[in-house]
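What follows is a single structure, written as structure tokens, with notes after it.
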Amino acid sequence: MSVTITGTYDDTLAPTLTSSTPADNATAVAVDSNIVLTFSEAVQAGTGNITISNGMDSRSLAVTDSNQVTISGNMVTVNPMDYLYAGSDYQVQIDNAAIKDIAGNAYAGISNMTTLNFATLGNSAPIVTTEFPSTVLFTNQITYATGLGTTSVTTCDVNGDNQLDLIVLKGNGVSVLTGNGNGTFNAQVTYTTGYSSLTTGDVNSDGYLDLIFANDDGVSVLTGKGNGTFNDQVTYSDQVTYSSDYSPTSATTGDVNSDGYLDLIVATLYYNCVSVLTGNGNGTFNAQVRYATGSYPISVTTCDVNGDNQLDLITANYLSNTVSVLTGKEDGTFCDQVTYPTGSRPTSVTTGDVNSDGYLDLIVANLYGDDGFGGTISVLTGNGDGTFNAQVQYGTATRLSPQSVTTGDVNGDNQLDLIVASDWSDTVSVSVLAGKGDGTFNAQVTFSTGSGTRSVTTGDVNGDNQLDLIVANKGSNTVSVLLNASDKIAFTENSAPVVINSGIRVSDSDNLTLASGTVSIGNGFQSSEDVLAFTNNGLTMGNIASEYNQQSGVLSLISANASATVAQWQAALASVTYVNTSDFPNTDDRVIAFMVNDGTDSSAIATQTVAVISVNDVPVVAITNVTGAVTEMLTPIGNLTDSGTISFSDADLTDVHSLHSFSQPAGALGTLTSVITADTTGSGVDGVITWSYSVAASAVEYLAKGEQKIENFLYRVEDPYYGGISGWVSVTIEGTNDLPTGTVTITGTAMEGQTLTASNTLADADGLGTMSYQWYSAEQAIVGATGDTYKLKASDVGNKISVKASYTDGYGSYHTLESKTSAETGPVETFVEGTVQDGYLSNALVWVDTDGDKERDWIDGDGDNQWDD
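Going by the working numbering, the first residue of the sequence shown is number 557, and it counts up by one from there.
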């Protein structure tokens, strides 16, 4: 049965608020939350406002504002938009009649500040984190003098202070440099030992490290005291030598017979074998046992390559271009070798798991590449059973010949890297090939050390948990210590700006946008050198702008209206660059700090260190090639000289320079000397070379007019790091018009009717032209007498005769030289024969002027004292 009731219902009840989100006294309300009010029945907008306040500020929202107040059924949703702030207390008030039901009954509202209250979540500061760069970087080397013939280096704690020390093998013994734990070392103490190879181990079981060396005809052991005075020579026991064949080249230690005592393993060149001397645990050793290897074993190492917990032996065989693997037996003996091809002339072998498969691999340094110059590194991955795959070779730089190879994780990525010491290169001594973890390697990164690099090892010598490099340099007789800076970004002097941290991360748990940020240089800041820069790419960085303060080192970044997103801020910070503008930079590390602000709170600072690496600036000569000149003298006396100066500068202000002697060119007539007359340390701008040239005047007399001889003298000015510049001083010797040498002479009898002849012995460096003559009588030119002969006339009687020889030389100069004058020209001697009659004047007399008085003398021809008739 059903009952139906009909009629009308008169609604007179006002709606009531049944719940709210957030609830009254709610806490940790998100600042982007809406306020949702739930009523007892369906409602609609009336007239009035809903007001939200926080005690200092309030915002009234009209219920009719559909942008911020929406009504659906019995729910009213209020959107505060950007009014809610983090960490604030809020109260909600509702005007009477602002909300009413469908029948028009008005909600009474909330007029107090206690009915509906909530607190927003405190602001979470943004977070900035910098990413470890995983680069391969070592800072400028520190060198320590060791001595002649430095060939090998290893690290260990020889004095028990928990700091790594250096043991360096050299031509006349071993040097011990105790470490200070901060990357520096004390002065060496030297001991007389072998000189071919070096290793360490506790061979006498006293808990102290001992030193083992290879000699010409054996191995030497120096047992250590280990009492903290190891660097004092008196604490060492006398050297004990054990025979291991002629010319051992490499020695290592290991317990090959599992008796708990260290044994010695020695590679011997000329016997093509490896010798094993088992230890007795008291510092003495048994007689050697030999095992054949390839030809000329130059390096030996030990490891377990087949997983049987027995040490195996691996040698690098220089002449056979192989490695030998001799697997060990439980009794301390070894199986016959198995050889694997390597590159040309292998010099060093080491082991490590480079492909992350849990098996040891072989790494071999090869002296030469296929072209006979740049060497290679061979990697032979292991199979875990004592066998190895075919080599894969990695090239090194041209003229880089590897001498030693070791492994270690130098860039902190948990993958083994290869470190190679090389020789025969002007700029490269140590190379690092960063491993990828799959058995392959990235391209090498090179670092300069001393010259003639022979050996490299690794160790954390400054306590920063990063592997540093220690290198033995035979050419410069030093060890180099290169501190690891792989957690830093490198800026190299005069290079382009570098991005400080491209992997930086920015996040904010309660804000989508950020307002501002700073990038600042803290420790190491140099206002005259350091510059930070940011360029908005216009695509991924929003409206972020920047301004750099050169004096404070702060790059300020800001987003207008705080509208740039977190992602845009991350892109901006990841693009900030550093550059150093100095040619002589301060090389202290720069600590760069990143910070962002969300408008309320700032992030904690994240830092990235920039290593500033200086390079050697070579001196600069104002005018590289200069000239000088001297001029030949007409009459050579003494020396011809010239001098001048050459100005140079150097951006490295502390450099003091040396001048290499001017080379004397072949065939030079003169000499050139020079000195540096000014070179003020600290200024870098006022270096002056003064040069002086001198040549004997007589040495250049052969030069003709217009002829030149240029003498070029090569010079070179260098800084202390062998950086230099060369140039020429070119001296021009200028020839002048030379006077002729020799004489003009007259031959013949000075008598009327006789013929005189002119001749000469003239010479002229400028060339003799066609010779012409002019004869003179009593210093008066004789008309027409221009030949090289002249017949004396009656008019010449009583006169002295001379001749002038004239010519034009090869350069157009006219020269005249005069002979000496002759004797006075005499008359002709004549006899007149005839008859003189008495009383008559003779018209035919014999006469002659016999006494030169120009008077006739009569002749008594027959001597009868009578005129002749």
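Idealized CB from N, CA, C, for every residue including glycine. Please read these numbers as outputs of a predicted model, since none were measured by experiment.
Report the rounded CA-to-CA distance for residue i versus residue j, giving the unit in angstroms.
i: TYR1134; j: THR1180; result: 35 Å
i: ALA1255; j: LEU1324; result: 21 Å
i: TYR1329; j: ILE1266; result: 39 Å
i: THR785; j: LEU722; result: Note that THR785 scores 41 on pLDDT, short of 50, meaning its location in the model is unreliable and no value can be drawn from it.
i: VAL1244; j: ASN1093; result: 49 Å
i: THR1313; j: GLY1226; result: 45 Å
i: SER960; j: ALA1071; result: 55 Å
i: THR971; j: GLY964; result: A small fix is needed here, since residue 971 is Gln in this sequence, not Thr. Spanning the two alpha carbons is a distance of roughly 8 Å.
i: VAL905; j: GLY780; result: 28 Å
i: LEU573; j: PHE595; result: 4 Å
i: SER616; j: THR603; result: 13 Å
i: VAL684; j: THR1163; result: 9 Å
i: LYS1347; j: ASP1365; result: 29 Å
Could you check what DSSP says for residue i in three-state terms: helix, strand or coil?
i: GLN600; result: strand
i: ALA1120; result: strand
i: LEU754; result: strand
i: SER1351; result: helix
i: VAL1256; result: helix
i: LEU1129; result: helix
i: HIS1216; result: strand
i: ASP794; result: Its pLDDT being 34, under 50, ASP794 is placed unreliably in this model, and the coordinates cannot settle the point.
i: PRO571; result: coil
i: LEU1401; result: A caution first: LEU1401 carries a pLDDT of 44, below 50, which makes its placement in the model too unreliable to give a value.
i: ASP1320; result: coil
i: PRO902; result: strand
i: TYR632; result: Note that residue 632 is Val in the sequence shown here, rather than Tyr. In this structure, VAL632 counts as strand in the three-state DSSP scheme.
i: LYS1261; result: coil
i: GLY940; result: coil
i: ALA848; result: strand
i: THR1301; result: strand
i: PHE688; result: coil
i: ASN836; result: coil
i: ALA1188; result: Before going further, note that residue 1188 is Glu rather than Ala in the sequence given. Here GLU1188 sits in coil by DSSP.
i: ILE854; result: strand
What residue from the options has the CA that sits closest to residue i's CA?
i: SER1170; options: ALA1185, PHE694, MET1189 and ASP909; result: PHE694
i: ASN1172; options: SER1203, GLU1274 and ASP868; result: GLU1274
i: GLY810; options: ILE1357, THR756 and GLY1280; result: THR756
i: LEU725; options: ALA743, GLY735, ASP713 and THR706; result: THR706
i: THR1377; options: ASN1195, SER1358, ASP1144 and GLY660; result: SER1358
i: ALA1234; options: ALA1222, HIS1213, VAL1300 and LEU1228; result: HIS1213
i: TYR826; options: VAL1037, ILE1026, ALA675 and ILE854; result: ILE854
i: ASN873; options: ASN862, VAL894, VAL861 and ASP860; result: VAL894
i: ALA921; options: GLY1340, ASN1117 and ASP979; result: ASP979
i: ASN865; options: TYR852, THR691 and THR883; result: THR883
i: VAL1282; options: PHE1218, SER876, SER1063 and THR633; result: The amino acid at residue 1282 is misidentified as Val; the sequence shows Ser. Looking at the Cα atoms, PHE1218 is the closest of the given residues.
i: ALA1252; options: ASP1016, VAL1087, VAL1300 and ASP1198; result: ASP1198
i: GLY1382; options: ASN1117, PHE1140, ASP1352 and LEU1215; result: ASP1352
i: ASN630; options: GLN600, ALA659 and SER614; result: GLN600
i: ASP1322; options: GLU1263, VAL692 and THR1372; result: GLU1263
i: SER576; options: GLN649, GLY611, SER690 and ASN1105; result: GLN649
i: ALA579; options: ASP588, VAL592 and ASP567; result: VAL592
i: VAL1177; options: ALA1167, THR1165, ASP1154 and SER1205; result: SER1205
For residue i, does the count of other Cβ atoms within 10 angstroms reach 16, so buried, or fall short, so exposed?
i: PRO1276; result: exposed
i: ASP638; result: exposed
i: ASP1294; result: buried
i: ILE975; result: buried
i: THR903; result: buried
i: VAL1075; result: buried
i: PHE688; result: exposed
i: VAL812; result: buried
i: TYR1370; result: exposed
i: LYS656; result: buried
i: GLY899; result: buried
i: THR1297; result: exposed
Establish whether the CB of residue i and some CB of chain B are separated by less than 7 Å.
i: ALA1028; result: Chain labels in this structure do not include chain B; a single protein chain is all it has.
Task: Inside the stretch 695-765 only - beta strand (DSSP E) runs reaching at least 3 residues - done: 698-701, 708-712, 721-726, 729-733, 745-747 and 753-757
- [ ] Could I get the ranges of all uninterrupted beta strand (DSSP E) runs contained in the stretch 988-1040, with 3 residues as the minimum, in chain order?
- [x] 1001-1003, 1009-1015, 1024-1029 and 1034-1038
- [ ] Within the stretch 1038-1113, note down every full beta strand (DSSP E) run reaching 3 residues or more, in order along the chain.
- [x] 1045-1048, 1061-1063, 1072-1077, 1086-1089 and 1100-1105
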